[in-house]
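Just below is one structure, and these are the notes that go with it.
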């Protein structure tokens, strides 16, 4: 029996790599994209891929996307919630509209898509929802709190869904990568630089040095990060495994973040602050 999978945020990077990997393994993949050129590019890669226009922040777009899906199938084996953005900056000065955008994509976008996907999963004996979360969900990273909180909210919401959902056939899995080499992360870092440039003088005086250091460090770490194919292979493993784990950490930095989460919060906060102060001396 053919297995249909929807991958959101498949225009580039991790989402595109996941869509291609699954298509090569024989899955029928619906790849969510936002531009015509991205649609044409990914469909040309593999005949098992059908690209659909999907903006997870738009109810209308999500509805239209599922109308297209239902023209091809009435069953969906898996949803891979990959669409996401990263916003950073000092909490004291981040406008609420920017915070809302972070949650609209990373949290409500995934919820919106899952609500439409669930009815198509009921008939599948072993349906899956795979959320691409992040090591940031452990919340030990200063100046990226919007991203950290959005990923934590994503995990908590879908954990609650797994407890209340009356679909024993459904498995919900969270993948928490460390840094991944993707165009979206570099684009997000560029946006972060703009955020600090637009700070008032008081804000720059308070935070520019720390923020500058962390952004440079993030760019350096990005070059050493995981390949998108590493995550795509793990998604494939999760879809094929009979009893996948509820959560996967991939990358040394992600494993370290998880270990830190077991320590007392007061100690973690002290260590992170002291570490940053030492680096800036």
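In my numbering, the protein residues as written are 414 to 694. Every residue, glycine too, gets a C-beta built ideally from N, C-alpha and C.
Approximately 24 angstroms separates the beta-carbon atoms of residue 541 and residue 472; this is outside 8 angstroms, ruling out the contact. At the C-beta level, residue 505 and residue 470 stay beyond 7 angstroms of one another.
Inside the stretch 459-502, DSSP marks whole alpha helix (DSSP H) runs of 4 or more residues at positions 472-485, from first to last along the chain. Here DSSP, grouped into helix, strand and coil, assigns residue 620 to helix. For residue 457 and residue 433, the gap between their C-alpha atoms comes out near 11 angstroms.
With the rule of 3 Cβ pairs closer than 8 angstroms, the stretch 617-631 does not count as touching the stretch 563-577. Your pair residue 567 and residue 493 does not check out as a contact, with CB atoms roughly 13 angstroms apart and the cut at 8 angstroms.
DSSP places residue 417 inside the beta strand (DSSP E), whose first and last residues are 417-420. Sorting 544, 476, 487 and 444 by C-alpha distance to the C-alpha of residue 647 places 544 at the top. Residue 590: member of the beta strand (DSSP E) spanning 584-590, first to last residue. Taking every protein chain shown into account, the CB of residue 548 has 16 or more other CB atoms within 10 angstroms, so this residue is buried. A contact between stretches requires three or more CB pairs, one per stretch, nearer than 8 angstroms, and the stretch 528-538 fails this requirement with the stretch 497-516. The bridge partners DSSP lists for residue 425 come to none. Annotated three-state conformation of residue 661 is strand, per DSSP. The Cβ-Cβ distance between residue 425 and residue 446 does not fall below 7 angstroms. Going by C-alpha positions, residue 465 is about 46 angstroms away from residue 679. When secondary structure is reduced to three states using DSSP, residue 441 falls in the strand class. Rounded to whole angstroms, the Cβ separation of residue 590 and residue 659 is 16 angstroms, and the two are not in contact under 8 angstroms. For residue 572, the enclosing alpha helix (DSSP H) has its first and last residue at 558-577. Pairing residue 485 with residue 462, the inter-Cα distance amounts to about 12 angstroms. Looking at the DSSP output, residue 544 shares a beta bridge with 494 and 587.
Taking the C-beta atoms as reference points, residue 661 is found nearer than 7 angstroms to residue 588.
The DSSP-derived three-state label of residue 639 is strand.
By DSSP's assignment, residue 518 forms no beta bridge with any residue. Straight across, the Cα-Cα distance linking residue 439 with residue 637 is about 31 angstroms. With respect to the C-alpha of residue 664, the residue from 675, 468, 654 and 634 having the closest C-alpha is 634.
By alpha-carbon distance to residue 427, the top candidate from 415, 454 and 496 is 496.
In this structure, 641 is the residue among 561, 641 and 556 with its C-alpha nearest to the C-alpha of residue 593. Going by beta carbons, residue 657 and residue 585 fall outside the 7 angstroms limit. 7 angstroms or more divides the Cβ of residue 417 from the Cβ of residue 448.
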